[in-house]
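**Q** Provided herewith is a single structure, encoded as structure tokens, for subsequent inquiry.
2 protein chains.
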Amino acid sequence: MSQQRPGDSSGRHAVPALPDLPEATVARLPEYLRALHNLAEAGNDTVSSEGLAAAAGVNSAKLRKDLSHLGSYGTRGVGYDVALLIEQIEYVLGLHQRRAVALVGVGNLGHALAGYAGFGSRGFRIAALFDADPSRVGERINGLVVQHIEDLPEIAAAESIAIGVIATPAAAAQSVADQLVAAGVTSILNFAPCVLSVPEGSTCARLISPSSCRYFRSTSTARHR
Amino acid sequence: MSQQRPGDSSGRHAVPALPDLPEATVARLPEYLRALHNLAEAGNDTVSSEGLAAAAGVNSAKLRKDLSHLGSYGTRGVGYDVALLIEQIEYVLGLHQRRAVALVGVGNLGHALAGYAGFGSRGFRIAALFDADPSRVGERINGLVVQHIEDLPEIAAAESIAIGVIATPAAAAQSVADQLVAAGVTSILNFAPCVLSVPEGSTCARLISPSSCRYFRSTSTARHR
DNA sequence: CCCTGTGAACTGCTTCACAGCT
DNA sequence: AGCTGTGAAGCAGTTCACAGGG
Numbered sequence: 002m003s004q005q006r007p008g009d010s011s012g013r014h015a016v017p018a019l020p021d022l023p024e025a026t027v028a029r030l031p032e033y034l035r036a037l038h039n040l041a042e043a044g045n046d047t048v049s050s051e052g053l054a055a056a057a058g059v060n061s062a063k064l065r066k067d068l069s070h071l072g073s074y075g076t077r078g079v080g081y082d083v084a085l086l087i088e089q090i091e092y093v094l095g096l097h098q099r100r101a102v103a104l105v106g107v108g109n110l111g112h113a114l115a116g117y118a119g120f121g122s123r124g125f126r127i128a129a130l131f132d133a134d135p136s137r138v139g140e141r142i143n144g145l146v147v148q149h150i151e152d153l154p155e156i157a158a159a160e161s162i163a164i165g166v167i168a169t170p171a172a173a174a175q176s177v178a179d180q181l182v183a184a185g186v187t188s189i190l191n192f193a194p195c196v197l198s199v200p201e202g203s204t205c206a207r208l209i210s211p212s213s214c215r216y217f218r219s220t221s222t223a224r225h226r
Numbered sequence: 002m003s004q005q006r007p008g009d010s011s012g013r014h015a016v017p018a019l020p021d022l023p024e025a026t027v028a029r030l031p032e033y034l035r036a037l038h039n040l041a042e043a044g045n046d047t048v049s050s051e052g053l054a055a056a057a058g059v060n061s062a063k064l065r066k067d068l069s070h071l072g073s074y075g076t077r078g079v080g081y082d083v084a085l086l087i088e089q090i091e092y093v094l095g096l097h098q099r100r101a102v103a104l105v106g107v108g109n110l111g112h113a114l115a116g117y118a119g120f121g122s123r124g125f126r127i128a129a130l131f132d133a134d135p136s137r138v139g140e141r142i143n144g145l146v147v148q149h150i151e152d153l154p155e156i157a158a159a160e161s162i163a164i165g166v167i168a169t170p171a172a173a174a175q176s177v178a179d180q181l182v183a184a185g186v187t188s189i190l191n192f193a194p195c196v197l198s199v200p201e202g203s204t205c206a207r208l209i210s211p212s213s214c215r216y217f218r219s220t221s222t223a224r225h226r
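What follows is the structure, encoded as structure tokens:
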């Protein structure tokens with residue numbers, strides 16, 4: 002896969018040395034990517050902005066504006082080349098790297114995440130599972146053996162783990178985040194219902210927290226038929 | 002954005018007949034609520050905008066602006082009354098109703114959600130579990146017996162279920178959503194990695210999808226220390 | 001003084017509408 | 001003729017900075 006960027010004569014290293022995309026655009030790219038994979042599996046070679054927008058749950062003007070930030074990968078009068086667009090978005094999101102993920106906390110949610118096929122199927126590889134509970138250490142989930150959290154530094158280094166997923170109770174989350182950062186992890190995905198603090202240079206995104214009652218109140222990604 | 006109006010005679014029961022709050026504000030209220038509960042448990046009676054903002058991971062100006070939309074529940078020179086603010090936010094979010102939730106799909110993720118204490122502990126009560134797989138029907142999880150999806154209409158009516166949580170594979174999600182809507186469910190929380198379409202008048206929010214790779218790229222709720 | 005509540009400026013996102021390429 | 005790519009307009013959310021009550 003040649004990853005040359007049109008107009009980008011410098012930085013040819015692996016890091017996506019891409020221009021700043023609007024935050025809101027980046028947030029939608031994974032959804033476009035998912036829709037594109039569906040389209041590709043269904044045998045579509047091209048798709049119009051209208052079609053892709055519908056599949057991703059946005060309006061077509063927004064979609065075109067978003068994609069225009071990546072460059073011109075569409076053909077006027079025709080639409081977008083599905084395969085080409087997939088490649089571009091994956092490049093922009095850094096998914097061509099197939100980064101190693103460590104999952105901490107193998108309770109109910111941790112099990113669900115470890116077993117979630119879609120997690121590993123695109124761009125990410127769960128490389129290690131950790132728990133603080135000795136009775137859980139040694140359990141085999143989806144081909145991986147649960148390790149004790151104490152062994153995190155060593156394993157993180159060996160596996161080149163750059164991403165940590167926290168699926169522990171809230172009380173343990175900050176401590177786990179600190180250990181992840183200390184082990185060289187720069188991106189943390191937090192499923193615990195609490196705010197984490199991480200040093201500058203690391204990123205930390207809070208996901209759901211099933212308690213997010215907000216979602217029960219107002220429309221957000223609602224679609225009409 | 003269909004909002005129940007104060008003078009709307011069609012919805013006379015219990016709908017929070019409150020003025021329109023900015024979407025972004027509503028999205029943050031649950032986080033404030035969680036932080037407030039923590040503060041209350043820690044024995045705090047009052048909290049400053051600065052303190053609450055830090056606990057919720059936002060800046061204090063934003064927090065004050067958000068809370069000002071609810072009315073004046075703070076005291077200048079002092080701060081906010083924790084208990085009063087909790088009550089107000091719960092009211093605005095409609096959490097005083099303790100609405101009944103149906104969870105569809107008791108795979109790994111469904112189990113995690115069914116067992117998640119925080120889910121039920123504030124404002125929501127999981128009233129029924131469903132699955133399409135006959136071999137799963139009858140299983141007892143957290144005191145609830147898994148029902149077959151065919152019995153949804155009957156049970157939904159009996160339990161006055163207003164909220165549906167979809168934790169099925171993506172392929173089944175739209176069909177489940179249709180069945181939920183047909184059974185009178187007006188709010189759907191979708192954990193499957195796909196866009197759902199629901200009729201006008203219903204709301205549907207997509208949650209995580211662990212594949213949301215976006216979160217590994219750019220800052221979002223990152224906090225510095 | 002302290003800390004809330006808020007007009008006003010600002011920033012960024014969305015939508016519109018159409019020019020321009022195929 | 002059809003569909004993308006994009007300036008320009010419009011709108012929502014954030015931040016600033018300070019007025020004003022306790």
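Sequence order for the protein chains is A and B. Going by this note's numbering, the final residue of the first sequence carries number 226, and the count climbs one at a time with no gaps. Going by this note's numbering, the final residue of the second sequence carries number 226, and the count climbs one at a time with no gaps. Every residue gets a Cβ at the ideal spot worked out from N, C-alpha and C, and that includes glycine.
1. Mind checking if residue 196 of chain B is an interface residue toward chain A, Cβ cutoff 8 Å exclusive?
2. For residue 47 of chain A and residue 83 of chain A, which I take to be in contact (beta-carbon distance under 8 Å), what is that distance rounded to the nearest angstrom?
3. Determine contact between the stretch 165 to 181 of chain B and the stretch 101 to 108 of chain B, defined as no fewer than three beta-carbon pairs at a distance below 8 Å.
4. Please report whether the beta-carbon of residue 97 of chain A lies at a distance below 8 Å from any beta-carbon of chain B.
5. Which term fits residue 204 of chain B, buried or exposed, when burial requires 16 or more other beta carbons within 10 angstroms of its beta carbon?
6. Using three-state DSSP, classify residue 240 of chain B as helix, strand or coil.
7. If we count the other Cβ atoms within 10 Å of its Cβ and call it buried at 16 or more, is residue 31 of chain B buried or exposed?
8. Put residue 190 of chain A into one of helix, strand or coil per three-state DSSP.
9. With a threshold of 8 Å, are at least 3 pairs of Cβ atoms found where one atom belongs to the stretch 179 to 192 of chain A and the other to the stretch 146 to 154 of chain A?
10. Can you give me the start and stop residues for the alpha helix (DSSP H) that residue 26 of chain A sits inside?
11. Pair every Cβ in the stretch 94 to 104 of chain A with every Cβ in the stretch 123 to 135 of chain A, then say whether three or more of these pairs are closer than 8 Å.
12. Along chain B, in chain order, which residues have C-beta atoms closer than 7 Å to that of residue 110 of chain A?
13. Whose C-beta lies closer than 7 Å to the C-beta of residue 61 of chain B among residues of the same chain, with five residues either side of it excluded?
14. Quick check on the burial criterion: 16 or more other C-beta atoms within 10 angstroms. Buried or exposed for residue 191 of chain A?
15. Pick helix, strand or coil for residue 112 of chain A, following the three-state DSSP scheme.
16. Find out if the Cβ-Cβ distance for the pair residue 143 of chain A, residue 116 of chain A is shorter than 8 Å.
17. Fully enclosed by the stretch 148 to 193 of chain A, which beta strand (DSSP E) runs are 3 residues long or longer?
18. How would you label residue 207 of chain B, buried or exposed, when you count the other beta carbons within 10 angstroms and need 16 or more for buried?
19. Going along the chain, which residues of the stretch 49 to 69 of chain A sit with their C-beta nearer than 8 Å to a C-beta in chain B?
20. I want to verify the contact list: residues of chain B whose CB lies under 8 Å from the CB of residue 165 of chain A, in sequence order.
21. Run through the stretch 49 to 119 of chain B for me and flag every whole alpha helix (DSSP H) of 4 or more residues, listed as ranges in chain order.
22. With a cut-off of 8 Å, does the C-beta of residue 116 of chain A fall near any C-beta of chain B?
23. Can you tell me which of B:198, B:39, B:123, B:149 puts its alpha carbon nearest to the alpha carbon of residue 92 of chain B?
24. For a test of the three-state rule: what should DSSP assign to residue 123 of chain B, helix, strand or coil?
25. Could you tell me the distance, in whole angstroms, from the CA atom of residue 63 of chain B to the CA atom of residue 37 of chain B?
26. Between which two residues does the beta strand (DSSP E) carrying residue 205 of chain A extend?
27. Using a Cβ-Cβ cut-off of less than 9 Å, list which residues of the stretch 23 to 44 of chain B approach chain A; keep chain order.
28. Spell out the partners DSSP gives residue 132 of chain A in its beta bridges.
29. Have a look at residue 98 of chain A and residue 41 of chain A and give me their C-alpha separation to the nearest angstrom.
30. Cα separation between residue 162 of chain A and residue 90 of chain A?
31. Keeping to the same chain, check which residues put their C-beta closer than 8 Å to that of residue 173 of chain B; ignore five residues upstream and five downstream.
**A** Taking the geometry as given:
1. yes
2. 6 Å
3. In short, these stretches touch, since the Cβ pair count reaches three.
4. no
5. That one is buried.
6. The requested residue 240 of chain B is not part of the displayed model; chain B covers only 2 to 226.
7. buried
8. strand
9. yes
10. Counting along the chain, the alpha helix (DSSP H) containing residue 26 of chain A begins and ends at 24 to 42.
11. yes
12. Here the neighbours are 113.
13. 50, 51, 54
14. Within a 10 Å sphere around the beta-carbon of residue 191 of chain A sit 16 or more other beta-carbons, which makes this residue buried.
15. helix
16. yes
17. 162 to 167, 188 to 191
18. Label assigned to residue 207 of chain B: buried.
19. In summary, the residues of the stretch 49 to 69 of chain A whose CB is separated from some CB of chain B by less than 8 Å are 56, 57, 58, in the order they occur in the chain.
20. Correct list: empty, because the minimum Cβ distance to chain B is about 10 Å.
21. 50 to 57, 61 to 69, 83 to 93, 109 to 116
22. yes
23. B:123
24. coil
25. 16 Å
26. From DSSP, the beta strand (DSSP E) with residue 205 of chain A extends over 204 to 207.
27. 24, 27, 28, 29, 30, 31, 32, 34, 35, 36, 39
28. Bridge partners of residue 132 of chain A: A:149.
29. 21 Å
30. 23 Å
31. 106, 133, 193
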